[in-house]
Amino acid sequence: MIGDLLAKVVSAGMTDLYGASIDVASIQIQSTKKEFEGDLTVVVFPLLKVSKKGPADTAEELGQFVLENCAEVDSFNVVKGFLNLVISNSHWLQALSDQLKSNDFGINREESGKLYMVEYSSPNTNKPLHLGHLRNIFLGDSVASILRANGHKVIRTQIINDRGIHICKSMLAWLRFGQGETPESAGIKGDKLVGKYYVAFDVAYKKEVEQLIGDGLDEEEAKKEAPILKEAQEMLKKWEAKDPEISSLWEKMNGWVYGGFNVSYKTMGVEFDKLYYESDTYLLGKKVVEEGLKTGHYYRKEDQSVWVNLSDRKLDDKLLLRADGTSVYMTQDIGTAIQRYQDFPGLSGLIYTVGNEQEHHFKVLFAILEKLGYDWAQECSHLSYGMVDLPTGKMKSREGTVVDADDLMQSVVEDARNMTQERGHLDKLSEEEKERLYATIGLGGLKYYLLRVDPKRGMMFNPEESIDLNGNTGPFVQYTFARIQSLLGKADKLLPIDTKTGIAASEKNLIIELLKFPVVVGEAGKQLNPSVLVNYTYELVKQFNSFYQTVNILKEPDEQLKNVRLLLSDCTANVIKNAMELLGIQVPDQM
RNA sequence: GGCCCCGUAGUUCAAGGGAUAGAAUAGAAGUUUCCUAAACUUUAGAUCCAGGUUCGAGUCCUGGCGGGGCUACCA
959 MIGDLLAKVV SAGMTDLYGA SIDVASIQIQ STKKEFEGDL TVVVFPLLKV
1009 SKKGPADTAE ELGQFVLENC AEVDSFNVVK GFLNLVISNS HWLQALSDQL
1059 KSNDFGINRE ESGKLYMVEY SSPNTNKPLH LGHLRNIFLG DSVASILRAN
1109 GHKVIRTQII NDRGIHICKS MLAWLRFGQG ETPESAGIKG DKLVGKYYVA
1159 FDVAYKKEVE QLIGDGLDEE EAKKEAPILK EAQEMLKKWE AKDPEISSLW
1209 EKMNGWVYGG FNVSYKTMGV EFDKLYYESD TYLLGKKVVE EGLKTGHYYR
1259 KEDQSVWVNL SDRKLDDKLL LRADGTSVYM TQDIGTAIQR YQDFPGLSGL
1309 IYTVGNEQEH HFKVLFAILE KLGYDWAQEC SHLSYGMVDL PTGKMKSREG
1359 TVVDADDLMQ SVVEDARNMT QERGHLDKLS EEEKERLYAT IGLGGLKYYL
1409 LRVDPKRGMM FNPEESIDLN GNTGPFVQYT FARIQSLLGK ADKLLPIDTK
1459 TGIAASEKNL IIELLKFPVV VGEAGKQLNP SVLVNYTYEL VKQFNSFYQT
1509 VNILKEPDEQ LKNVRLLLSD CTANVIKNAM ELLGIQVPDQ M
C-alpha cells in the first residue's frame, strides 16, 4: 500500500532532516480532504517536537524530502500543519490494474489458522421472531461473514432456549384451551401458533391474579399463588423428571416452532452450521454446578438453592440452582460454553451476539467460567448491540407493539414490488425472476437499514415509513450495481490497462476509494462491526454515481480512457458485490 | 441508591485527538434529444450546559442537566 510506503519515507526523512528516529506506525497519514489539492496527507503536528521547527517549515522540508525520495509522489503543498501529497496517476493506474486480477479483491483467502464460533439469533421457543431478532440475526450473520473474509474459519451457531418455564406456559395453555389445534388445522406457522398460546397463558394468569387480589391477597402474593402459574411450575418439574406425556407434548410443540423458524430463516437467507439446545446442555451445566459445590467453588443456602460467590470480581452472588433444584439461564449457559469447547477444541474465540441488556449476565458468565479454571473464558466475548426502538418507544409485547419479523419482511418485499413495478425496467424477466428481485430489494433494504447503525448504539425503526428506498439505503447501492451491469453488457471486452492513460481527478479518486476496501474489511473484522462496511460502501457508491453522471463511458472517443472507465466500473461493481455479500445482501443484475 | 451506556441539523445516522463537524431525509431551486432519473447538481440548517487537559476536543477528564439499560429463585 502506498500509505505504508509513504510512512517509511517520512520516517526516513525525519531521520535525515532532524536526526530523529520515528516509529513508522506512529506517522499519521490520511486521505486528503476534498477541498484541498492532493491525494494523501501527512499530519505534521506530532512531528514538531522532534523537528523543533514550526509546522509550516517542517512540512515544507519534509515535503521536499518526500518529493525527492519517493517516485510515486508528483508534487506537494502545505496548508497549515498539513502536508498534502499528490501521487502520480500512473501509480494509481498500476494499482487499479493489479487489483483487477482478483475477483475477490478485499477478501482474504489466506488461512489465519483461527476458528471462531459466532452465536446469534438464539430465540426462545415460546414466541415468534421479531424486529429485535432481525437486528441480532443480521448482525451475527454479517460478523461471521466478515470474520471469514479476514481469513478465519467460522462456525455459525445458536443456542435454542427450548426448555424452562416459558415453554411450559405455552404447553399448559394449549392443553387447556387448544382443543387439539395444530399449525395445519389453524393454517398458521408453528411458531405463531405456540406464541398464541403463550399469550393465552398470560391472559388467563392475569385473570387469576386479579381474582386473587379481589379475594384479599396483596399483589405480590397473588402473582405467586395463581393456580395456573403453579401448574406451569409443576409441569417444569415433571419435564425435568422426563415425564413421558409432558416430553412428547414438548417435542410436538417445539417441532412446530422449529418448522416456523426455519421458514423465517430461509426468507432471511441465513443458515447455521451447528445448533445447541438448552435441553441438552442444561444437564451438563447442572453437573458442573454439582462438581463446583464439591470443590468449594459454590455454596448451598439453607433453602437448598445453590450460589456462586463473585465478590473477588466485585460482582454480586449469582444463583445457579433454584431451591427446588431446577436450573436457571446461567446454569445452561455454563454447560453450553463448556460443551462448545469440548466439541471444538481448536476454538480461538466464542462470540455471543446478544442485546446490551445482558451485558451484566455475560460479565458474570465469563467470570464464573474463569473461576472454574477454563482459560478459554478470556476468549469469550459478548457482541453487545443496542435495542431497536419504535417512534412510540420500546417494543412491548404486553402492549402489542412488537413488530413481527415475518410480517415486516413480507411488507418490505411488498413495498419493493410496488416501487419496482412503478419504475418498470423488468421487461425481460420471468415472473419467477421478478419475485426474486422483489425479495432481493426488499430484504436488502431491510438488512442494510439494520446494519447501517453502529451495533453498540441503540437505533430507531419507523415501521410506518417502512424502508426508504432513496438515499443511504440498500436499494440505492443495488441500483448502482445493476446500472454497472447494464453498462458492461453493452461494452466490448476489457483490455489491460495502459498506465500512461491520462486520467482526471474523478477517475483517480474512485481508484483511491476502491483501494480502501481491504482495509475496511479488516477494520470491520477487528471491530466486529458491519456498519463500517455499510458506510464505506455508501461512500463508494455515491462517488461512483457522481462519476457516472459526469463523464461519458461508452461514448468516450479515447479508447484507452474508455477502457479505464469501464474497468473502474467493473471494479466498483465487484467491490459493491463483495461488500454487500459480507452484509448478507444480494445484488441484482437489473432493477 | 449503586454500576454501565448514550446526548451532533426538524428527523434518522457519520466523524481512528487533527483542516471550514459529514451524509441522508424533510424544505427550496435546477438537470433527460445522452451509458437505467431508484440518479445527479445547487441551497439552507447541528456538537445538552459549565469548567479542565492539549499546538489542536464532538471525541479525553471533572461536575451538572436530560434519556436508556442492569442491579430477579425471568429469559
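Take the first sequence: its letter number 416 is residue 1374 in this note's numbering, and every next letter is one higher. Where is the CB? At the ideal position from N, CA and C, for every residue including glycine.
Subject >> 8 Å CB neighbourhood of Val1286 in its chain, flanking five on each side removed >> reply: Residue numbering aside, residue 1286 sits at position 328 when the first sequence is read from its first letter. Correct list, in chain order: Leu1277, Leu1278, Leu1279, Arg1280.
**OP:** Assess, as a yes-or-no matter, whether the segment 1483-1502 is touched by the segment 1090-1102 under the definition of 3 or more beta carbon pairs within less than 8 Å.
**Re:** In short, these stretches touch, since the Cβ pair count reaches three.
Original post:
What is the C-beta distance between Ile987 and Val967, in whole angstroms, given that I count them as a contact (C-beta under 8 Å)?
Top reply: Here residue 987 corresponds to residue number 29 of the first sequence, with the count starting at 1. Here residue 967 corresponds to residue number 9 of the first sequence, with the count starting at 1. So it is not a contact: roughly 10 Å between Cβ atoms.
Original post:
Could you check where the alpha helix (DSSP H) with Lys1484 kicks off and where it finishes?
Top reply: In the first sequence, residue 1484 corresponds to position 526, counting from 1. Boundaries of the alpha helix (DSSP H) around Lys1484: 1475-1485.
Subject >> Distance CB(Trp1214)-CB(Gly1138) smaller than 8 Å >> reply: Within the first sequence, residue 1214 is the residue found at index 256, counting from 1. Within the first sequence, residue 1138 is the residue found at index 180, counting from 1. No; because the gap between Cβ atoms is not below 8 Å, this pair is not in contact.
**OP:** Go through its chain and collect everything with a Cβ distance to Met1211's Cβ below 7 Å, but skip five positions before and after it.
**Re:** For the purposes of this step, residue 1211 is taken as residue 253 along the first sequence, with counting starting at 1. Excluding sequence neighbours, Met1211 sits near Ser1128, Met1129, Trp1132, Val1152.
Original post:
Under 8 Å between the Cβ atoms of Pro1086 and Ala1363?
Top reply: Along the first sequence, one-based indexing puts residue 1086 at 128. Along the first sequence, one-based indexing puts residue 1363 at 405. For Pro1086 and Ala1363, yes; Cβs fall inside 8 Å.
**OP:** Express the C-alpha separation of Glu1018 and Leu1025 in angstroms, rounding to a whole number.
**Re:** The residue you call residue 1025 lines up with position 67 of the first sequence. The residue you call residue 1018 lines up with position 60 of the first sequence. Each residue's Cα considered, the two are about 11 Å apart.
Original post:
Can you name the start and end residues of the alpha helix (DSSP H) that Tyr1506 belongs to?
Top reply: What you label residue 1506 is simply residue 548 of the first sequence in a count that begins at 1. Looking at the DSSP string, the run of the alpha helix (DSSP H) that includes Tyr1506 is 1489-1508.
Original post:
Is Leu1401 near Met1367, with beta carbons less than 8 Å apart?
Top reply: Counted from its first residue, the first sequence places residue 1401 at position 443. Counted from its first residue, the first sequence places residue 1367 at position 409. Yes, they are a contact pair.
Original post:
The alpha helix (DSSP H) spanning Gln1436 covers which residue range?
Top reply: Residue mapping note: residue 1436 aligns to position 478 of the first sequence, counting from 1. Its alpha helix (DSSP H) spans residues 1432-1447.
Original post:
Just the Cα atoms here: how many angstroms apart are Leu1194 and Trp1208?
Top reply: By 1-based counting over the first sequence, the position of residue 1194 is 236. By 1-based counting over the first sequence, the position of residue 1208 is 250. Cα to Cα, Leu1194 sits roughly 11 Å from Trp1208.
Original post:
Around the C-beta of Gly1288, are 16 or more other C-beta atoms found within 10 angstroms, so that it is buried, or is it exposed?
Top reply: Counted from its first residue, the first sequence places residue 1288 at position 330. For the record, residue 1288 in the displayed sequence is Met; it is not Gly. Flag for Met1288 reads buried.
Original post:
Taking Met1075 as the reference, which of Leu1242, Ala1462, Tyr1234 has the closest Cα?
Top reply: Residue numbering aside, residue 1075 sits at position 117 when the first sequence is read from its first letter. Among Leu1242, Ala1462, Tyr1234, the Cα nearest to that of Met1075 belongs to Tyr1234.
Original post:
Can you tell which of Tyr1078, Lys991, Phe1096 has the C-alpha that lies nearest to the C-alpha of Leu1541?
Top reply: If you number the first sequence from 1, residue 1541 lands on position 583. Among Tyr1078, Lys991, Phe1096, the Cα nearest to that of Leu1541 is on Phe1096.
**OP:** Tell me, to the nearest whole angstrom, how far the beta carbon of Ala1531 is from that of Gln1443; I am working on the premise that it is less than 8 Å.
**Re:** Locating residue 1531 in the first sequence gives position 573, counting from the first residue. Locating residue 1443 in the first sequence gives position 485, counting from the first residue. The beta carbons of Ala1531 and Gln1443 sit about 7 Å from each other, so the pair counts as a contact at 8 Å.
**OP:** Per DSSP, which residues does His1255 bridge with? Please list them.
**Re:** On the first sequence, position 297 is the one that residue 1255 refers to. Within the DSSP secondary-structure output, His1255 pairs in no beta bridge.
Subject >> Residue closest to Asn1536, alpha-carbon to alpha-carbon, out of Phe1502, Leu1491, Ile1511, Phe1505 >> reply: Locating residue 1536 in the first sequence gives position 578, where the first residue counts as 1. Checking every option, the nearest Cα to that of Asn1536 belongs to Leu1491.
Original post:
Do the segment 1412-1429 and the segment 1344-1352 meet, that is, are 3 or more Cβ pairs less than 8 Å apart?
Top reply: As far as the Cβ criterion goes, the segment 1412-1429 touches the segment 1344-1352, which means the pair count is three or higher.
Original post:
Secondary structure at His1551, three-state DSSP: helix, strand or coil?
Top reply: Residue 1551 lies beyond the residue range present for the chain, which begins at 959 and ends at 1549; the question has no answer from this structure.
Subject >> Gly1400 - containing beta strand (DSSP E), residue span >> reply: Here residue 1400 refers to the residue found at position 442 when the first sequence is read from its first residue. DSSP places Gly1400 in no beta strand (DSSP E) but in the uninterrupted alpha helix (DSSP H) bounded by 1389-1409.
Original post:
Over what stretch of residues does the beta strand (DSSP E) that includes Cys1338 continue unbroken?
Top reply: Numbered from its first residue, the first sequence carries residue 1338 at position 380. Element bounds for Cys1338: 1338-1343.
Original post:
Hey, would you say Ile1045 sits closer than 8 Å to Asp1056, going by beta carbons?
Top reply: Here the question's residue 1045 lines up with position 87 in the first sequence. Here the question's residue 1056 lines up with position 98 in the first sequence. Cβ atoms of Ile1045 and Asp1056: not closer than 8 Å.
**OP:** Could you name the residues of the same chain whose beta carbon sits closer than 6 Å to that of Glu1328, not counting the 5 residues immediately before and after it, in chain order?
**Re:** The residue given as residue 1328 occupies position 370 in the first sequence. Counting only Cβ-Cβ distances below 6 Å, and skipping sequence neighbours, we find Ala1335.
Subject >> Length of the line joining the Cα atoms of Ser969 and Ser1009 >> reply: For this step, residue 969 is matched to residue 11 along the first sequence. For this step, residue 1009 is matched to residue 51 along the first sequence. Answer to the nearest angstrom: the Cα atoms are 12 Å apart.
Subject >> Contact set for Met972: own chain, Cβ-Cβ below 8 Å, skip 5 residues either direction >> reply: In the first sequence, the residue the question calls residue 972 occupies position 14. Leaving aside the five residues that flank Met972 on each side, the residues in its chain whose CB is nearer than 8 Å to its CB run, in chain order, Ala978, Ser979, Ile980, Leu1005, Val1008, Ser1009, Leu1020.
Subject >> Pro1202 classed as buried or exposed, judged by whether at least 16 other C-beta atoms fall within 10 angstroms >> reply: The residue given as residue 1202 occupies position 244 in the first sequence. Counting Cβ neighbours within 10 Å, Pro1202 comes out exposed, since fewer than 16 surround it.
Original post:
Ordered along the chain, which non-local residues of its own chain (more than five positions away) have a Cβ less than 6 Å from that of Glu1082?
Top reply: Looking up residue 1082 in the first sequence gives position 124. Going by the sequence as given, residue 1082 is Asn instead of Glu. Within the same chain, Asn1082 has close Cβ partners Asn1119, His1124.
Subject >> Beta-carbon separation (whole angstroms), His1340 vs Glu1317, contact threshold 8 Å >> reply: For the purposes of this step, residue 1340 is taken as residue 382 along the first sequence, with counting starting at 1. For the purposes of this step, residue 1317 is taken as residue 359 along the first sequence, with counting starting at 1. Confirmed, Cβ separation roughly 7 Å.
**OP:** Put Gln988 into one of helix, strand or coil per three-state DSSP.
**Re:** Translated into positions along the first sequence, residue 988 becomes position 30. Reduced to three states, the DSSP call for Gln988 is strand.
**OP:** Could you please give me the residues that DSSP links to Arg1114 through a beta bridge?
**Re:** To locate residue 1114, count along the first sequence from 1; it is residue 156. In the DSSP output, where bridge partners are listed per residue, Arg1114 has Val1076.
**OP:** From the DSSP output, in three-state form, read off Asp981 for me.
**Re:** For the purposes of this step, residue 981 is identified with residue 23 of the first sequence, where counting begins at 1. If DSSP states are grouped into helix, strand and coil, Asp981 belongs with coil.
**OP:** Given a cut-off of 8 Å, decide if Leu1408 and Leu1512 are closer than it, judged by their beta-carbon atoms.
**Re:** If you number the first sequence from 1, residue 1512 lands on position 554. If you number the first sequence from 1, residue 1408 lands on position 450. No, Cβ-Cβ distance for Leu1512 and Leu1408 is not below 8 Å.
**OP:** Could you check which residue in Phe1023, Val1037, Ala1199, Leu998 has the C-alpha nearest to that of Ala1014?
**Re:** For the purposes of this step, residue 1014 is identified with residue 56 of the first sequence, where counting begins at 1. Taking only the C-alpha atoms, the option nearest Ala1014 is Val1037.
**OP:** Would you give the residue range spanned by the beta strand (DSSP E) that Ser1033 belongs to?
**Re:** What you label residue 1033 is simply residue 75 of the first sequence in a count that begins at 1. Where Ser1033 is concerned, the enclosing beta strand (DSSP E) stretches over 1031-1037.
Subject >> Nearest residue (CA-CA) to Leu998, options Asp974, Tyr1156, Leu963 >> reply: In the first sequence, residue 998 corresponds to position 40, counting from 1. Of the candidates Asp974, Tyr1156, Leu963, Leu963 places its Cα closest to the Cα of Leu998.
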